[in-house]
Structure formats: C-alpha cells, structure tokens
Amino acid sequence: MADSQRCGYVAIVGRPNVGKSTLLNHILGQKISITSRKPQTTRHRVLGIKTEGDTQVIFVDTPGLHKRATKAINRYMNRAASSAIRDVDVVVMVVDRTAWTEEDELVLEEVQAVSGDHAGDHRIPVILAVNKVDLLETKSDLLPHLQFLSERADFKAVLPISALNQHNVDELEACIEEELPESTHFFPEDQVTDRSQRFMAAEMVREKIMRQLGDELPYAITVEIEEFKKQDAVLHIAALIHVERDGQKRIIIGKGGSRLRSIGAEARQDMEALFESKVMLRLWVKVKSGWSDDERALRSLGYDD
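This note's numbering numbers the first residue of the sequence shown as 45 and each following residue consecutively.
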C-alpha cells in the first residue's frame, strides 16, 4: 500500500571522475555502471534500482557535467546529465575530497536552477556527498572544507564518504530514504536496472577498452552489439567496436591481436558473472570516421536524449 511504502527517484550528479558510478555500484551490491580512472566514462543515464522491505530507491547515474562541450557526444552527455535532475525526488551531488573546481560550480548552478522549484510545489532536497575522503593525506583539511561546502548552498546534508570503502554510505542511504515520498513501488522487487542485457554487454566491452587503453585512446570509441542470443546453454555475443581512425583500430587490436584478445577475455569474465551463463564473445573493430561529432551517427549508435 502507498501509505506503508516509500519509492522515489534519486539523481546522482557531479563533474567527471568524482566516483558517481562507483557509488551506485556499491549501493546496489553489483556492477551496473562501468567505471575507469578516465573522466567521462559514463555516457548514458543508467537506472539502478534498490528495493529493501517497504523502500524502493531508483538511482539515476549520469554522465559527468563538463564545461567544454565541443563535440556532439560531449553535448549529448551534458544534456543527459542535466535532464536527469528534472523530475526526481532527491539529488545527490558528488564531489572529490577537498577540491572545488569550476566544473563543480557548474554542476551546483545546474542543480540549483532545477531543484529550486519542483513542479511549482516544493524544492528538491540536495545532499552533498564528499567522496574519496579515505584518500586525504591531511585529515585536518576536511572539517574546514565541509564548512566551506555547507555555505555554498542550502544542502539537506553534507556527508563525507568513501564509495569504494563503504565509509558513511549507510548514512547517505538513510538520509536519502528520509526524503522519499510515500508511494507504491514502480519496479519489481528483483529488478536492479532498466537497461537491457545488450546494453550491459556493450558497456562491459567499452569499460575494458578504457581501463586497458585509457591513456592511449581519446573518447572516440563506442561499442555496438550485433548479436545476442542463447544457444545450447551458451550466450553468443558479437560486438563491433567503432573507432574514428585507423591508428586507433591498430591500438585496440594490438600486436597479432593480443590486445583485442585481452579485452575480450576480461569482458567475457564479467559477462558470465552478470548473466550467469557461459559466454562466447566475438569482437571486431571498425573505423567510423567522425561518429562522435555527428548527431545522426550518435542516434544510430543508440545515443538519444
């Protein structure tokens, strides 16, 4: 019944590489959003759904908002992040330790612009999560910085956390739950994401590329699933990796195909764990010049608003 259940949408926002996806994965207890040390790893809005007892929290993981959106794909990511803030019940803004940058200010301005008036009714509560505090070399810097952050806006709470080590994450979840409206649940109890298995497979391949070749490749790669079918208890997946130049194709393939085999082996391992099935994975690399700055090409590859 609505009067005994709570359910709501929670947007996780922040500039690139502050740990939004890591936070979501640890809250859910499984990986649904890919991570790497490279900024802007997340490109799409991804829902992560956590149901415990009478409470269902629908987290919206977003691409990092960034200042210089020159290419079409960067503009797409900014639109995806900004639109995710609208029509949610709570916003969690994530920042990195004691840093406060122009892009953090941009995110805060975007959050304030949207959260100030929620459907003309009430303000959307904003919780500030100060992530990676376990990596601080000088712990005494934290308290004055928390005071500085508290004065930046009317946050519902300012919480120091470590998404990776689970420090204060329970407190963050409790704070979120307090702000959720009374409502029946929107998703089945056992559903953890709105994304398809095809989407998850493509993201796993892209994650392994970014983790292995993050410093050698720009962001001009994307992955398209061409085949996804179960046959004789084996999941057969064929993935096409799009790059923009021949040199990028050579880097991904590696000497004698060694890099592509390594990417495939790591991706297959994650897929078998997630899909609970033996996986036969085949990878190809294709040059698709200019795809990341072509709105029509982006739509054909599954990018939309």
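A virtual CB, placed ideally from N, CA and C, is assigned to each residue, including glycine.
Start-to-end residues for the alpha helix (DSSP H) that takes in residue i
i, result
"P169", "First-last for P169: undefined, no H or E at that position."
"A157", "146-159"
"T66", "64-72"
7 Å Cβ cutoff met for residue i and residue j
i, j, result
"V101", "V138", "no"
"L224", "D98", "no"
"L284", "K330", "yes"
"V155", "P204", "no"
"I168", "V135", "yes"
"I281", "I265", "no"
"V57", "S77", "no"
"L325", "G308", "yes"
"R59", "D148", "yes"
"L208", "T66", "yes"
"I71", "V236", "no"
"E251", "I295", "no"
"K183", "D140", "no"
"F199", "L172", "yes"
"D185", "T145", "no"
"V151", "S159", "no"
Cβ neighbour criterion (16 or more within 10 Å) applied to residue i
i, result
"K273", "exposed"
"P232", "exposed"
"I117", "Note on I117: pLDDT 49, under 50, position unreliable in the model; no value is reported."
"N61", "buried"
"H286", "buried"
"N69", "buried"
"D276", "exposed"
"R305", "exposed"
"S48", "exposed"
"G63", "buried"
"S302", "exposed"
"A245", "buried"
"A311", "buried"
"L327", "buried"
"S321", "exposed"
"D290", "exposed"
"C51", "buried"
"A163", "Note that A163 scores 42 on pLDDT, short of 50, meaning its location in the model is unreliable and no value can be drawn from it."
"K332", "buried"
"E247", "buried"
"E288", "buried"
"D131", "exposed"
"D234", "exposed"
"Q74", "exposed"
"D161", "Confidence at D161 is low in this model, with a pLDDT of 48, below 50, so the placement of that residue should be treated as unreliable; the coordinate-derived value is given next. Flag for D161 reads exposed."
"Q210", "exposed"
"S106", "In the sequence as presented, Ser is not what sits at residue 106; that position holds Thr. It is buried - the Cβ of T106 has at least 16 other Cβ atoms within 10 Å."
"D314", "buried"
Span of the beta strand (DSSP E), counted from its first residue to its last, around residue i
i, result
"K94", "90-96"
"Q100", "99-105"
"I56", "50-57"
"V135", "134-140"
CB contact below 7 Å: residue i versus chain D
i, result
"D290", "Protein chains in the displayed structure number just one, and chain D is not present."
At 3 residues or longer, what runs of the beta strand (DSSP E) sit wholly inside the region 247-334?
265-275, 278-287, 322-331
Below 8 Å, how does it come out for the region 213-228 and the region 177-195: are there three or more Cβ pairs, yes or no?
no
Runs of beta strand (DSSP E) wholly within the region 180-226 (minimum 3 residues, chain order)
201-204
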